[in-house]
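Okay, so here's the structure we're looking at.
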Amino acid sequence: MAMKVYGPAASTNVARVLVCLEEVGLDYELVPVDMTKGEHKSPAHVSRNPFGQVPAFQDGDLILSESRAISKYILRKGGGSHLLREGNLSEAAMVDVWLEVESGQFDSAMSPIVFQCFVVPMFMGGTTDMKVVEENLEKLKKSLEVYEARLSRFKYLAGDFVSLADISHFPMAHYLLVGPHASVIDAYPHVKAWIADIMSRPSVKKVTELMEAAIRMN
């Protein structure tokens, strides 16, 4: 039985899970959840994700939520443990560090930007709050300074090897690149090259197509 991922591909958290499935080549079914109609808050979905968020993930009797935890499960099951570096304690620790940084620094700055630049005008019929955008762009720039320093020393975030810590950035990086503030990365050449590297992965290209198709449908 194929694994099931519940949620729209356009969601960055859903895309994170999908790219891991594509990395290891596991069969899966993407089950739509129409968030504009509140389906993520329905009893059926809440039974899978108690916080009423996406994604939810099912593999047989196992039901998981939280995209980064799901991603690790998929990589372990599908033979992608090299993206977690679990054979080397120090390298695995660095993957964990930069996965935390992705969540706490990059994602936390990008989320309000994506919400204001994409969700509000496209799905809510509202107007972008530029004050919120500018505040979070400043937060993003501070984080990118740290990334630039790191990537001037190593090809990837956890070291000279690609890992989940890098790939996990892709969904938000995609929206940054196609949004009105893509030029922000021009000041950080190592970051720009690193993002281009990640975006060139076949798995990322496949999921990017799914994200864009999902947006076109709305």
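Residue 217, in numbering that gives the first Met the number 0, is where the sequence shown stops; the numbers in between run on with no holes.
Even for Gly, the Cβ is constructed at its ideal location relative to N, Cα and C.
If you follow the beta strand (DSSP E) that residue i is in, where does it begin and where does it stop?
i: ASP58; result: 55-58
i: LYS3; result: 2-5
Alpha helix (DSSP H) containing residue i: first to last residue?
i: LYS76; result: 66-76
i: MET129; result: 129-150
i: MET171; result: 169-177
i: LYS204; result: 201-215
i: VAL45; result: 42-45
i: PRO120; result: 119-122
i: ILE259; result: No information on residue 259 is available, as it lies outside the stretch 0 to 217 that the chain covers here.
i: SER110; result: 106-113
i: LEU163; result: 163-166
For the putative contact between residue i and residue j, defined by C-beta atoms under 8 Å, what is the C-beta separation to the nearest angstrom?
i: ASP58; j: MET2; result: 5 Å
i: ALA91; j: GLU99; result: Incorrect: roughly 13 Å between the Cβ atoms, too far for contact.
i: VAL4; j: LEU29; result: 5 Å
i: ARG15; j: SER80; result: With 8 Å as the limit, ARG15 and SER80 do not qualify as a contact, their Cβ atoms being about 17 Å apart.
i: MET109; j: LEU175; result: 6 Å
i: TRP97; j: ALA157; result: 5 Å
i: THR11; j: PRO170; result: 4 Å
i: VAL190; j: ILE197; result: Not a contact, Cβ separation roughly 11 Å.
Can you tell me whether DSSP reads residue i as helix, strand or coil?
i: VAL32; result: coil
i: LEU25; result: coil
i: MET93; result: helix
i: LEU83; result: coil
i: LEU88; result: helix
i: LEU156; result: coil
Compute the Euclidean distance between the alpha carbons of residue i and residue j, then round it to the nearest angstrom.
i: SER64; j: LEU209; result: 21 Å
i: LYS141; j: LYS204; result: 28 Å
i: ASN135; j: GLY77; result: 36 Å
i: LEU17; j: ALA8; result: 8 Å
i: ILE73; j: CYS19; result: 7 Å
i: VAL177; j: LEU88; result: 37 Å
i: VAL32; j: LEU61; result: 19 Å
i: VAL206; j: THR35; result: 21 Å
i: CYS116; j: SER102; result: 20 Å
i: THR126; j: VAL113; result: 13 Å
i: PHE50; j: VAL13; result: 15 Å
i: LYS71; j: TRP193; result: 22 Å
i: PRO188; j: ASP165; result: 16 Å
i: GLU22; j: ASN48; result: 24 Å
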